[in-house]
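Asker:
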Amino acid sequence: MTDESRRVFLKNAGTALGVTAAVGCGFSLYAMKRTWDPLPSVVAGGTTTVDTKPLLAGVPGQVEYRGKPVFIMKKTSTMTANDDRDVVVDGARFTVLLLDCTHLGCVPIWQHGVFHCACHGGAFDGDGMHTFGPPPRPLEIPPFRIDGARLILGEEGPEYRQLREASLALDSGQGEGQEFG
Ligand code: FES
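Going by this note's numbering, the letters in the sequence shown line up with residues 118 to 298, in that order.
1) Between the Cα of LEU221 and the Cα atoms of GLU181, PRO255 and ALA209, which residue gives the shortest distance?
2) Mind reading off the beta-carbon distance from ALA283 to ASP203? Whole number of angstroms is fine, and I expect it under 8 Å.
3) For SER194, name the three-state secondary structure that DSSP assigns.
4) What would DSSP say about PRO186, mapped onto helix, strand or coil?
5) Following the continuous beta strand (DSSP E) through CYS234, name the residue where it begins and the one where it ends.
6) Which residues have their C-beta within less than 7 Å of a heavy atom of the ligand FES, listed in chain order?
7) Could you pull out every residue in the same chain whose Cβ sits closer than 6 Å to the Cβ of PHE249, ignoring the five residues on either side in sequence?
8) Could you check what DSSP says for ALA283 in three-state terms: helix, strand or coil?
9) Would you tell me roughly how many angstroms separate the C-alpha atoms of PHE232 and ARG281, rounded to the nearest one?
10) Going straight from the alpha carbon of PRO260 to that of THR164, what length do you get?
11) Can you check whether the CB of VAL224 is closer than 7 Å to the CB of THR169?
The structure is reproduced here in structure tokens:
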């Protein structure tokens, strides 16, 4: 191979490598964006308003509420209804949970129907009830008000107050005798 042909070969190989890397990077960014796409929401004056109409059952999503992530998922007809934890908006049941571990505040990750907290191995079930490890309480349901199909995080409506009382009752029953760490 002459010097000239070697130079052309290396130049073409470099270009091909650059294109491959760019395409791969593009696919990764696209996949990340699809995974972390936030739900359509409006943030104003300390509240986050979510229009639940376009949300699909069984598809987890996330919004930001006062700087913290909130998990929102419409339940499918095969998921177990939980009158003490479900947020019912316009006739549909939703799981709405502040992703703020009740142990030391890490962000639990939704995986295969449960929430795992990587910091100290805590776990919560699909309704946010603590099932394993050091978390002393269930994941919190942020304050909310319902206006038609809109869920307004940051305002306390009667449905929220009712769930909060049920949650406190559940917690005092489940939390007894559970000392960790
Ligand atoms: Fe979640 Fe410790 S912060 S288990």
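In this text, a Cβ means the ideal position worked out from N, Cα and C, and glycines have one as well.
For clarity, every value in this text was computed on a predicted model and none was experimentally measured.
Answerer: On the basis of the coordinates in this document:
1) Working through the sequence shown from its first residue, we reach residue 221 at position 104. Residue PRO255 is the option with its Cα nearest to LEU221.
2) Along the sequence shown, read from residue 1 onward, the residue named residue 283 stands at position 166. Along the sequence shown, read from residue 1 onward, the residue named residue 203 stands at position 86. No, ALA283 and ASP203 are not in contact; Cβ-Cβ is about 10 Å, not under 8 Å.
3) Mapped onto the sequence shown, residue 194 falls at position 77. Three-state result, SER194: coil.
4) For the purposes of this step, residue 186 is taken as the residue at position 69 of the sequence shown. DSSP places PRO186 in strand when its eight states are reduced to three.
5) Along the sequence shown, one-based indexing puts residue 234 at 117. Its beta strand (DSSP E) spans residues 231-234.
6) CYS218, HIS220, LEU221, GLY222, CYS223, PRO225, CYS234, CYS236, HIS237, GLY238, GLY239, GLY250, PRO251 and PRO252
7) As a first step, residue 249 must be located in the sequence shown, where it is residue number 132. So the qualifying residues of the chain are ALA240.
8) Position 166 of the sequence shown, counted from the first residue, corresponds to residue 283. Reduced to three states, the DSSP call for ALA283 is helix.
9) Reading the sequence shown from its first residue, position 115 is the one you call residue 232. Reading the sequence shown from its first residue, position 164 is the one you call residue 281. When rounded, the distance between both Cα atoms is 20 Å.
10) On the sequence shown, position 143 is the one that residue 260 refers to. On the sequence shown, position 47 is the one that residue 164 refers to. Cα-Cα distance, rounded: 10 Å.
11) Here the question's residue 169 lines up with position 52 in the sequence shown. Here the question's residue 224 lines up with position 107 in the sequence shown. No, the pair does not count as a contact, with Cβ atoms beyond the cut-off.
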